[in-house]
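When you line the sequence shown up against my numbering, it's residues 491 to 1002, in that order.
Think of the CB as a built atom: it goes at the ideal place given N, C-alpha and C, for glycine as much as any other residue.
A quick note: this is a predicted structure, and the numbers were derived from the prediction, not measured.
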Amino acid sequence: MEDSTIETLDEIRDNSRLMGGQEKIDRLHQQNKMTARERITFLFDENSFQEIGLLGRSQHSDLRERTPADGLVAGWGTIDGRIAYVTSEDFTVVAGTRGRVGELKSARIRELAYLHKAPYIALMEAGAGRFQEANGAMAAGIGNRFREHYKLSGRVPVVAAIMGACFGGPSFTAAQSDFVTIVKDTGFMGMSGPPVVKVGIGLDVTAKEIGGAEKVAKETGQVDYLAESEEDCLNSIRQFLSYFPSNCDELPPRSEPKSAPMDTPEGLKRITTIVPENHRRAYDMEELIRLFVDAGEILHYKEHYGRNMVNAWARIDGETVGIVGNHPKHMAGAMDDKATRKTRKFIELCDAYHIPMVFLTDCPGFIVGPEVESQGMVPLAARFLNTVVETTVPITTIIVRKAIGLAYIAMAGKTMEPDTIVSYPTGQFDMMGPAAGVELTYGKKIAAAEDPAALRAEYYEKAVEAASAYRAADMALIDDVIKPCETRDVIRSVLYRTRTRRVPGFKHRIDP
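Now the structure itself:
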């Protein structure tokens, strides 16, 4: 082959890599943004990325010269030494709009991720599909990515990063993903952006009002991680994947074991005293979790949404665990529609990818009243219960304090057949809580008594005694009463004893 032929290929490749040109790249950098390729370089192991479709470009005559690589970088590389597939949209090329060739490249990457059983990552900063390439009858041929995402669900981890305005199709890509991270201040998502809203219903709104990062992270719960920067966004993806197997036919990877904060004298003292005996006093559930997991490290799932529940991935002796804990600092740890929605999907994720679970129960029950009923709380709670019943991974249930009514069952109570169910000495089991039970059962008698306060206190004391963890252990309704400092050992024991039943394979999809 002649040198000129090779030089021609090199020149075509170099021109494609420039994407929208240096001026647009500089403009991105001024906004503290990376280019599509810079994001991939940051995310993947050094020199591991291999690109496909570099020479692709729009076939539309008006766009052909303006669309190197058709505005989409696609390929594969390694993250912590494991293969992952990626597509990264480049805003410097026709404002990141989606072209038909770019869609073919995306489809190819999803196909390879499916065939090779490796995670798929979508780094998104895109508008809707280009009108020139998808208007009229041609629109009948678009949308294959939704079917392809369906096929990937529950088989390989699927991650979406919202790194710019991602209204329309990209938002649906995110909704079908297992883990969604968004960049604060620069990420936006929603059904349609401001121009379409203006045309459709005549309303003037901003991108932030429709789907700004804080709104979708805190109010609607459509994203799982609110990143402070693009670097933080990309690091969260690496962290997420580190807890997960590459596919459903593998078990989660094991890391080098690390000691927990409770292994120090200060940490031991703290875990012994952190949970107040007074059930009306709050404490930090996240702090409790960090005390007994490896290096005190966790990755939150939807940290800012449904804050009355903590969902997080962590490690015990290097093994991945998924942790669900009621958070007494928020709504006393009671379960509402938001906490129920986010925890249901978290449990499905852990189950699909064979991640053992730990439930830390301190819940006075499901929230009641007209407001929560308007959210359809009954079917939400029922679906949550179904999800826990269907879970096949090993479960450790630890009653920290309140284990009340239906919420106790939902938090992997005795009837859910956890592999171990134990309680701290502060545990309390009841149908509705001693105070409420006394009033409903003996209210009239108390009101008619000579000394109502004394009689109420007498009934209450008896009810508390009947609800104690020691009484539950006495009746063999729990396996043991443990010290808080024994938490890590209890979880470690379950992980050891259940290894033979953790069989990889496809279980189920994960619904949005």
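How is residue i classed by DSSP in three states: helix, strand or coil?
i	result
isoleucine 599	helix
serine 913	strand
alanine 939	coil
threonine 587	coil
methionine 509	coil
methionine 821	helix
valine 800	strand
tyrosine 640	helix
asparagine 876	helix
aspartate 774	coil
aspartate 826	coil
glutamate 972	One detail in the question is off: residue 972 reads as isoleucine in this sequence, not glutamate. In the structure shown, isoleucine 972 sits in coil (DSSP, three-state: anything other than H, G, I, E or B).
Per DSSP, what are the beta-bridge partners of residue i in this structure?
i	result
valine 1017	It is not possible to answer for residue 1017, since the shown part of the chain is limited to 491 through 1002.
leucine 1058	With the chain running from 491 to 1002 in the structure shown, residue 1058 is simply not present.
leucine 781	According to DSSP, leucine 781 bridges with nothing at all.
threonine 851	Ile889
glutamine 918	Lys892, Ser958
glutamate 579	Leu562
threonine 810	Arg805
Are the beta-carbon atoms belonging to residue i and residue j less than 8 Å from one another?
i	j	result
aspartate 535	isoleucine 573	no
threonine 676	lysine 514	no
serine 667	valine 646	no
alanine 526	serine 578	yes
lysine 835	isoleucine 1000	yes
methionine 799	lysine 832	yes
methionine 679	glycine 701	yes
arginine 588	glycine 659	yes
isoleucine 764	glutamate 776	no
glycine 644	phenylalanine 996	yes
histidine 998	arginine 891	no
alanine 750	arginine 978	yes
alanine 824	glycine 859	no
Output the distance between the C-alpha atoms of residue i and residue j, rounded to the nearest integer angstrom.
i	j	result
leucine 896	leucine 789	28 Å
glycine 565	arginine 961	59 Å
tyrosine 795	alanine 829	8 Å
valine 862	alanine 703	25 Å
alanine 627	arginine 590	Any answer about alanine 627 is weak, because its pLDDT of 43 lies below 50 and its placement is not dependable; what the coordinates show is given next. Each residue's alpha carbon lies about 14 Å from the other.
leucine 741	glutamate 838	15 Å
alanine 630	glycine 692	Unreliable positioning characterises alanine 630 in this predicted model, as indicated by a pLDDT of 43, which lies under 50. The coordinate reading is nonetheless provided below. Straight-line Cα distance between these residues: approximately 27 Å.
valine 993	glycine 812	17 Å
threonine 931	alanine 966	26 Å
alanine 956	threonine 887	21 Å
valine 506	alanine 651	The residue asked about is misnamed: residue 506 is serine in this sequence, not valine. Rounded to the nearest angstrom, the two C-alpha atoms are 24 Å apart.
proline 747	arginine 982	12 Å
threonine 882	tyrosine 843	11 Å
cysteine 937	serine 958	First, the residue type needs correcting, since residue 937 is alanine and not cysteine in the sequence shown. Their backbone Cα atoms lie some 27 Å apart in a straight line.
glycine 786	threonine 754	12 Å
Taking only heavy atoms of the ligand FAD into account, decide whether any of them is closer than 7 Å to the Cβ of residue i.
i	result
serine 643	Ligands in the displayed structure: none, and consequently the ligand FAD is not present.
Query raised in the report: Is the segment 539 to 547 close to the segment 729 to 738, with three or more CB pairs under 8 Å?
Result: no
Query raised in the report: Taking three-plus beta-carbon pairs below 8 Å as touching, is the segment 801 to 812 in contact with the segment 844 to 856?
Result: yes
Query raised in the report: Is it a yes or a no for the segment 908 to 916 touching the segment 971 to 978, going by three-plus beta-carbon pairs under 8 Å?
Result: yes
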